[in-house]
């Protein structure tokens with residue numbers, strides 16, 4: 013019985029007894045009350061017995077439910093344990109089978125290893141026999157051929173290299189011929205179109221300028237007392253004055269074309285003014301320098317306006333204007349740059365490229381020549397550094413840097429600038445050379461060609477723009493002639509400095525002569 017149920021029964025009995033005691037103390041009629049109390053106590057006992065039984069039944073029911081639940085859980089656990097035992101048993105069986113399989117495999121592997129060892133031993137014996145036989149065969153072949161194995165290898169190698177070289181030459185010719193069929197026509201169209209749409213005029217420039225004098229007496233005034241005036245002019249301008257027997261002429265000699273122009277302008281003003289003395293010379297030279305700087309700025313701005321290129325840094329525009337007083341092979345560099353810009357623009361338009369970017373690269377490609385007498389290095393490298401310094405686009409910097417192959421061309425724009433530069437320089441009359449330089453270049457061309465053993469004769473023709481070479485037909489074949497032309501062209505590129513391009517023509521002929529008697 014639960015403690016709560018027992019407590020209720022005891023409380024009911026105590027309540028009945030207490031009521032009975034109270035009634036007995038209150039006088040007459042207490043006996044009847046006592047009798048009633050006894051009945052109540054009896055009734056309470058009955059109720060207590062009923063409650064007790066109900067509690068016992070409830071406890072039994074709970075015990076039965078707990079037992080049933082426990083038995084169910086026990087059955088579940090037992091089933092789970094049974095299934096786990098079965099799985100473990102299966103695993104053990106599987107492991108046992110695998111162990112048996114592995115044992116059998118180990119046995120087979122041991123047998124296989126034994127067989128392989130035996131076979132390897134047999135192969136080693138056969139290899140030794142083959143090696144001995146090869147030695148005998150090689151010795152026999154060396155005796156028959158009259159040369160050692162190394163000599164035979166070298167001869168075979170030489171033959172293979174010669175054969176591969178001829179095959180490569182033949183393949184190169186076929187590829188180039190195929191490419192030329194489709195490329196030559198388009199290239200000629202673009203170049204012809206570019207030439208037709210632009211024609212520039214050139215003013216020949218030299219390293220010596222002349223100033224005309226009104227009379228011979230002016231030479232003495234230019235020289236001055238004890239040579240003071242001529243020394244003042246040379247000190248102020250940095251240009252040498254040559255006063256010789258040439259009638260009514262004074263020569264100005266200097267490498268810097270801007271300084272030479274300043275000296276020419278100052279001297280002409282001094283002659284016109286008539287006052288020639290050191291103080292006046294310094295004043296006139298200073299004014300001439302300012303005028304030349306203004307002219308340089310205007311020339312640079314006019315060039316950018318003519319080409320249609322805008323947004324160039326003012327420092328680059330000034331350097332561009334200095335090219336007006338710079339020449340290359342007697343070709344004015346500013347006019348050359350403007351022409352290259354137009355040619356680049358025309359060809360870029362035909363190819364569907366950015367025309368403004370092409371013109372910009374063409375206009376600035378020789379910007380390094382404005383300062384190449386002040387900074388060491390190739391004008392292409394100097395120009396690329398200047399363009400990088402003043403934040404020109406990467407395409408323009410690359411085109412400037414690569415237009416003389418200082419670095420390999422990396423874009424179509426680089427190749428366009430190279431082509432336009434060569435086209436502008438190679439035009440008849442665009443450039444000219446001194447006779448000594450011209451003759452020396454012809455001699456160097458023939459000397460390079462004659463340095464090859466297979467060359468019989470060489471002739472520099474077409475004013476040095478073509479090198480015609482006669483080769484020995486018994487020492488070189490047709491494919492070898494093709495390779496020889498390429499080798500000579502590469503050597504000319506590496507060793508000579510020349511305007512435009514030079515055509516290399518290799519001629520091979522075989523003549524058979526006999527007489528009928």
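Residue numbers (the working numbering): 13 to 529. All residues carry an ideal CB built from backbone N, CA and C; glycine is no exception. Everything numeric in this text was worked out from a predicted model, so none of it was measured.
Three-state secondary structure assigned by DSSP to residue i
i, result
"residue 343", "strand"
"residue 390", "coil"
"residue 272", "helix"
"residue 480", "strand"
"residue 6", "This structure does not reach residue 6, given that the chain is present from 13 up to 529, and the question cannot be answered."
"residue 214", "Its pLDDT being 40, under 50, residue 214 is placed unreliably in this model, and the value from its coordinates should be taken loosely. In this structure, residue 214 counts as coil in the three-state DSSP scheme."
"residue 365", "coil"
"residue 441", "For residue 441, the pLDDT reaches just 48, beneath the cut-off of 50, and the residue's location in the model is therefore unreliable, leaving the point undetermined."
"residue 467", "strand"
"residue 209", "Model confidence at residue 209 stands at a pLDDT of 48, short of 50, so the residue's coordinates are unreliable; what they give is reported in the following sentence. Correct three-state label for residue 209: helix."
"residue 419", "coil"
"residue 396", "helix"
"residue 47", "helix"
"residue 472", "strand"
"residue 451", "helix"
"residue 377", "coil"
"residue 522", "coil"
"residue 433", "helix"
"residue 487", "coil"
"residue 57", "helix"
"residue 348", "helix"
"residue 383", "coil"
Residue i: first and last residue of the uninterrupted alpha helix (DSSP H) it sits in
i, result
"residue 316", "290 to 319"
"residue 403", "Per DSSP, residue 403 belongs to no alpha helix (DSSP H) and is neither H nor E."
"residue 498", "490 to 507"
"residue 263", "That residue, residue 263, is in no alpha helix (DSSP H); its beta strand (DSSP E) goes 261 to 265."
"residue 530", "Nothing about residue 530 can be read from this structure; the chain reaches only from 13 to 529."
"residue 332", "326 to 334"
"residue 234", "229 to 235"
Residue i to residue j span [Cα, whole Å]
i, j, result
"residue 298", "residue 500", "52 Å"
"residue 109", "residue 126", "26 Å"
"residue 237", "residue 351", "48 Å"
"residue 216", "residue 331", "Bear in mind that a pLDDT of 38 at residue 216, under 50, signals an unreliable position, so the model cannot answer this."
"residue 505", "residue 478", "13 Å"
"residue 213", "residue 345", "Unreliable positioning characterises residue 213 in this predicted model, as indicated by a pLDDT of 42, which lies under 50. The coordinate reading is nonetheless provided below. So the two alpha carbons sit approximately 12 Å from each other."
"residue 51", "residue 57", "10 Å"
"residue 432", "residue 224", "38 Å"
"residue 362", "residue 376", "21 Å"
"residue 260", "residue 292", "22 Å"
"residue 226", "residue 256", "15 Å"
"residue 484", "residue 464", "11 Å"
"residue 513", "residue 434", "7 Å"
"residue 81", "residue 91", "15 Å"
"residue 73", "residue 104", "46 Å"
"residue 444", "residue 452", "At residue 444 the pLDDT is 49, less than 50, meaning the model places this residue with poor confidence; the figure from the coordinates comes in the next sentence. So the alpha carbons of these two residues sit roughly 14 Å apart."
"residue 385", "residue 268", "8 Å"
"residue 270", "residue 304", "8 Å"
"residue 119", "residue 177", "59 Å"
"residue 6", "residue 155", "Residue numbering for the chain in the displayed model covers 13 to 529; residue 6 lies beyond these limits and cannot be assessed."
"residue 210", "residue 354", "Note on residue 210: pLDDT 47, under 50, position unreliable in the model; the coordinate value appears next. Roughly 7 Å between the two C-alpha positions."
"residue 577", "residue 422", "Residue 577 falls outside the range modelled here, since the chain spans only 13 to 529, and no answer is possible."
"residue 160", "residue 147", "12 Å"
"residue 63", "residue 70", "10 Å"
"residue 510", "residue 150", "57 Å"
"residue 490", "residue 526", "24 Å"
Closer than 8 Å: residue i CB and nearest the ligand GTP heavy atom
i, result
"residue 489", "This structure lacks the ligand GTP; in fact it carries no ligand of any kind."
Residues near residue i by beta carbon distance below 6 Å, same chain, minus five either side
i, result
"residue 275", "249, 251, 264"
"residue 281", "296"
"residue 288", "233, 241, 282"
"residue 492", "none"
"residue 294", "248"
"residue 495", "181"
"residue 378", "345, 349"
Own chain residues within Cβ distance below 7 Å of residue i, not counting five before or after
i, result
"residue 370", "356, 357, 360, 425, 428"
"residue 473", "480"
"residue 313", "329"
"residue 307", "none"
"residue 337", "269, 270, 273"
"residue 392", "380, 412, 413, 415, 416, 418"
Sequence-distant residues of the same chain with beta carbon closer than 8 Å to residue i, five excluded per side
i, result
"residue 507", "456, 460"
"residue 262", "222, 223, 225, 231, 234, 253, 254, 255, 279"
Beta strand (DSSP E) segment containing residue i, residue limits
i, result
"residue 517", "515 to 519"
"residue 252", "252 to 254"
Segment contact, 8 Å Cβ cut-off, at least three pairs: the segment 409 to 421 with the segment 388 to 396: yes
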